[in-house]
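One structure is given below, encoded as structure tokens.
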Amino acid sequence: MSEWSKQLPEEQWAKPSDELKSQSRRVLELQQANPQRPIIEIFAQISEDT
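Each residue of the sequence shown is one higher than the last, beginning at 832 in my numbering.
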């Protein structure tokens, strides 16, 4: 059990896709442009845009 619970080596970690990186940048841009806007609205807009 302890062997199974060991952390994976970094080279086996999942990598974020280019699409996820792009969406994350867009979320930050929209959030910086309007900091008072609820984050859920920003995520909804991003999901509609893609």
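Ideal Cβ positions, reconstructed from N, Cα and C, are used throughout, including at glycine.
As the structure is a prediction and not an experimental result, all values here were calculated from the model.
Counting only the Cα atoms, E841 lies some 13 Å from P847. About 6 Å separates the beta carbon of I873 from that of Q862, a gap short enough to meet the 8 Å contact definition. R857 and I870 have their alpha carbons spaced roughly 12 Å apart. Look at the stretch 841-867 and you find these whole runs of alpha helix (DSSP H), each 4 residues long or longer: 849-864.
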